[in-house]
Amino acid sequence: NKIARHARYLSRMIKSMQRQLRKANITVGQTDKSKLFFFIDAQEYEEKIKNYMNKTNAYQEITSGICPLADNLHLVILLLDHLLERKDITNEQYKKMYPNLKTLELAHIYFNLKVHKPDISV
1 NKIARHARYL SRMIKSMQRQ LRKANITVGQ TDKSKLFFFI DAQEYEEKIK
51 NYMNKTNAYQ EITSGICPLA DNLHLVILLL DHLLERKDIT NEQYKKMYPN
101 LKTLELAHIY FNLKVHKPDI SV
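Read in our numbering, the sequence shown has 29 at position 29, and its numbers run on one by one without any break.
Right, here's the structure in full:
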């Protein structure tokens, strides 16, 4: 079966590339404006991420391994309930502000390098 043989070949090639990249401590990512991939030293990539986080002060790294989303959700609901009970907001406002549990997610950061720029900024 020609297709199965080719699939096994591609799988072995990808695994070989992954091993080589791990040995060299290289990160692979996707560029921002195309479907191309970039290769960058993992330490340099980590530095770019930390610099961006420090510069924007918009993100906080979760080091505990525990996602704070459930706690944040609970606090938001408690606040909304309290505001509604005190009649500081209307029932309509409450419904509009109540989190949609189907689409709720913790904001996260990901980087796509802008390789079309000379300094290859993040």
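Just so you know, even glycine gets a beta-carbon here, dropped at the ideal spot from N, CA and C. Remember, predicted model here, so these are calculated numbers, not experimental data.
Can you have a look at TYR98 and say buried or exposed, based on whether 16 or more other CB atoms are within 10 angstroms of its CB? As a working note, residue 98 is residue 98 in the sequence shown. Exposed: under 16 other Cβ atoms inside 10 Å.
For GLN18, write down the residues that DSSP places opposite it in a beta bridge. For this step, residue 18 is matched to residue 18 along the sequence shown. For GLN18, which the question treats as bridged, DSSP gives no partner whatsoever.
Between SER16 and chain C, is there a C-beta pair that is closer than 8 Å? This model lacks chain C altogether; it includes just one protein chain.
Let me check understanding here. Comparing Cα to Cα, which of ILE89, LEU80 and ALA58 lies closest to LEU106? As a position in the sequence shown, residue 106 is number 106, starting the count at 1. The candidate whose alpha carbon is nearest that of LEU106 is ALA58.
Inter-stretch contact (C-beta, 8 Å, three-pair minimum) for the region 89-103 and the region 67-81: yes
Report the three-state DSSP secondary structure of ASP41 (helix, strand or coil). Counting from one through the sequence shown, the residue named residue 41 turns up at place 41. Reduced to three states, the DSSP call for ASP41 is strand.
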